[in-house]
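S.K.:
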Amino acid sequence: MGKIIISSDNHIDVNRLEREMILDQQAQYLIDQKVDVYLMAGDWYNYFEKTLRFAEDLQDMIGPKTIVRFLAGNHEMGHGITFDELEQDLSPLYFHNKSLKLGDLTLIGNNGWYDYSFAQGPQKEQVSQFKNGFYYDGLIKQPMSDFERTTLSLNQIQQHLAATSVDQKVLMVQHFVPHNLDLSYPAKFPKWQMINGVMGSQRYVDLYRTDARIQQIIYGHAHLNLPMRQIRAGKYYNVSVGYRRAKAIEWTETTFFENWVKKLYQNR
């Protein structure tokens, strides 16, 4: 098994970071650490094309010894890309609805989605209204409901699991949140209890805990700084870097690079 590292929610544009500097830093780290696979689990830019170009440039800089792959988060989905395009094999680097075998380990990638199952509180029935009226994801057009889109995602994952040998270990990578045990439900803020509905879906963890082959689940979307959580055989890692701006300082380190390194999933 090779060395794998995974990151999410770098938000290069929102954090007003210098693209070339971040490319140089990440490329040098991947080379120095002799990384075999680097997975970008979504939310690099507010445009799919920019994230694709970042991944392509990074791959060119480090060469073929390291495999670079990426998923689309909701921020990539908001501009310049359609639902149908997101479900296509747009690039060899685009890892949605794909798998990669590394010895006795199979990596399965899926963008994921949400179905409001994490919503709680007196306003929990207002998630759809919030999403379409005030949330960034109101920009994202789709030909089905959020519940149906999550079902599509789950079906894709199940197809990859069915095609994976019973003696393989599985590492699952997605953008959206697969369980709600680390989400915050503040009693004094019913709106935030409701907003958790666009974080992910309970149906992901319900699926993963039935398959002992799935030993690591890596995700982002919710900008949390919390330790690994184990649910049955699965170890869940949130690798989101998050924002550092006036109204939202989510980094725990001084610089982006330090925070990126600290939040990385590394299998060894």
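Read in order, the letters of the sequence shown correspond to residues 8 to 275 in this note's numbering. Idealized CB from N, CA, C, for every residue including glycine. Keep in mind it's a predicted model, so treat the numbers as computed, not measured.
When the Cβ atoms of the segment 58-78 are set against those of the segment 128-145, are three or more pairs found closer than 8 Å?
M.R.: These segments do not touch.
S.K.: Excluding the 5 residues flanking Leu233 on each side, which residues of the same chain have their C-beta closer than 8 Å to its C-beta?
M.R.: Locating residue 233 in the sequence shown gives position 226, where the first residue counts as 1. If we look at Leu233 and ignore the five residues flanking it on each side, its Cβ neighbours are Asp189 and Asn245.
S.K.: Take every Cβ of the segment 255-265, pair it with every Cβ of the segment 210-217, and state whether three or more of those distances are shorter than 8 Å.
M.R.: No contact exists between the segment 255-265 and the segment 210-217.
S.K.: Answer with buried or exposed for Pro205, where buried requires no fewer than 16 other C-beta atoms within 10 angstroms of its C-beta.
M.R.: What you label residue 205 is simply residue 198 of the sequence shown in a count that begins at 1. First, the residue type needs correcting, since residue 205 is Val and not Pro in the sequence shown. It counts as buried.
S.K.: Using the three-state DSSP reduction, which class does Thr4 fall into: helix, strand or coil?
M.R.: Since the first residue of the chain shown is 8 and the last is 275, residue 4 is not available in this structure.
S.K.: Closer than 8 Å is the cut-off here; do at least three beta carbon pairs connect the segment 26-40 with the segment 183-197?
M.R.: With a cut-off of 8 Å, the segment 183-197 and the segment 26-40 do not count as touching, because too few Cβ pairs lie within range.
S.K.: Hey, quick one: how far does the alpha helix (DSSP H) through Ser135 stretch, first residue to last?
M.R.: The count along the sequence shown starts at 1 and reaches residue 135 at position 128. Here the alpha helix (DSSP H) through Ser135 covers Val134 to Gly140.
S.K.: Check this for me: beta carbons of Gly241 and Tyr215, under 8 Å apart or not?
M.R.: Mapped onto the sequence shown, residue 241 falls at position 234. Mapped onto the sequence shown, residue 215 falls at position 208. Yes. Within cutoff.
S.K.: Please state the DSSP three-state secondary structure of Met68.
M.R.: Sequence index remark: in the sequence shown, residue 68 carries index 61 (1-based). Helix.
S.K.: So, are the CB atoms of Gln222 and Val173 less than 8 Å apart?
M.R.: The residue you call residue 222 lines up with position 215 of the sequence shown. The residue you call residue 173 lines up with position 166 of the sequence shown. The answer is no: Cβ separation not under 8 Å.
S.K.: Considering Cα atoms alone, identify which of Asp64, Tyr101, Gln95 and Glu155 is closest to Tyr121.
M.R.: If you number the sequence shown from 1, residue 121 lands on position 114. It is Glu155.
S.K.: Could you tell me the alpha carbon to alpha carbon distance between Leu231 and Tyr123, rounded to whole angstroms?
M.R.: Walking along the sequence shown from the start, residue 231 turns up at place 224. Walking along the sequence shown from the start, residue 123 turns up at place 116. Distance between the alpha carbons of Leu231 and Tyr123 is about 19 Å.
S.K.: Who are the near neighbours of Gly9 in its chain, counting only those whose CB is closer than 7 Å to its CB and skipping five residues on each side?
M.R.: As a first step, residue 9 is located in the sequence shown; it is residue number 2 there, counting from the start. Excluding sequence neighbours, Gly9 sits near Asp43, Val44 and Leu109.
S.K.: Count the other CB atoms, across all protein chains shown, that sit within 10 Å of the CB of Met235; report buried if there are 16 or more and exposed otherwise.
M.R.: What you label residue 235 is simply residue 228 of the sequence shown in a count that begins at 1. It is exposed - the Cβ of Met235 has fewer than 16 other Cβ atoms within 10 Å.
S.K.: Which class does Lys269 belong to by DSSP, given the choice of helix, strand or coil?
M.R.: For the purposes of this step, residue 269 is identified with residue 262 of the sequence shown, where counting begins at 1. DSSP places Lys269 in helix when its eight states are reduced to three.
S.K.: Taking its Cβ as the centre, do 16 or more other Cβ atoms sit within 10 Å of Lys41, making it buried, or is it exposed?
M.R.: Working through the sequence shown from its first residue, we reach residue 41 at position 34. Exposed.
S.K.: Which runs of the beta strand (DSSP E) fall wholly inside the segment 212-239 and span at least 3 residues, in chain order?
M.R.: Listed in chain order, they are 221-226 and 236-238.
S.K.: Among Ile88, His82 and Ile202, whose alpha-carbon lies nearest the alpha-carbon of Val21?
M.R.: Locating residue 21 in the sequence shown gives position 14, where the first residue counts as 1. Nearest C-alpha to Val21: His82.
S.K.: If we count the other Cβ atoms within 10 Å of its Cβ and call it buried at 16 or more, is Leu59 buried or exposed?
M.R.: The residue given as residue 59 occupies position 52 in the sequence shown. Flag for Leu59 reads buried.
S.K.: With a CB to CB cut of under 6 Å and the five nearest residues on each side skipped, what residues in its chain are close to Lys270?
M.R.: Taking the sequence shown and counting its residues from 1, one reaches residue 270 at position 263. If we look at Lys270 and ignore the five residues flanking it on each side, its Cβ neighbours are Val246 and Val248.
S.K.: So the candidates are Leu112, Ile202 and Leu37; which of them puts its Cα closest to the Cα of Glu132?
M.R.: On the sequence shown, residue 132 is found 125 positions in, with the first residue counted as 1. That would be Ile202, whose Cα lies nearest to the Cα of Glu132.
S.K.: Does DSSP classify Leu178 as helix, strand or coil?
M.R.: The residue given as residue 178 occupies position 171 in the sequence shown. DSSP places Leu178 in strand when its eight states are reduced to three.
S.K.: Per DSSP, Val184 is paired with what?
M.R.: Position 177 of the sequence shown, counted from the first residue, corresponds to residue 184. Gly207, per the DSSP bridge assignment.
S.K.: Can you grab the Cα-Cα spacing for the pair Val268 / Glu94, in whole Å?
M.R.: Here the question's residue 268 lines up with position 261 in the sequence shown. Here the question's residue 94 lines up with position 87 in the sequence shown. Roughly 30 Å separates the two Cα atoms.
S.K.: Name the one or two DSSP bridge partners that Leu112 has.
M.R.: Here residue 112 refers to the residue found at position 105 when the sequence shown is read from its first residue. Leu109 and Lys176.
S.K.: Rounded to whole angstroms, what is the Cα-Cα separation between Gly119 and Asp39?
M.R.: Taking the sequence shown and counting its residues from 1, one reaches residue 119 at position 112. Taking the sequence shown and counting its residues from 1, one reaches residue 39 at position 32. Looking at the two C-alpha atoms, the distance is approximately 31 Å.
S.K.: How long is the line joining the alpha carbons of Ala255 and Leu24, rounded to whole angstroms?
M.R.: Position 248 of the sequence shown holds residue 255. Position 17 of the sequence shown holds residue 24. Approximately 15 Å between the Cα atoms of the pair.
S.K.: What residues in its chain sit with their C-beta under 8 Å from that of Asp165, if we drop five residues either side in the sequence?
M.R.: What you label residue 165 is simply residue 158 of the sequence shown in a count that begins at 1. Note that residue 165 is Gln in the sequence shown, not Asp. Result list for Gln165: Leu214, in chain order.
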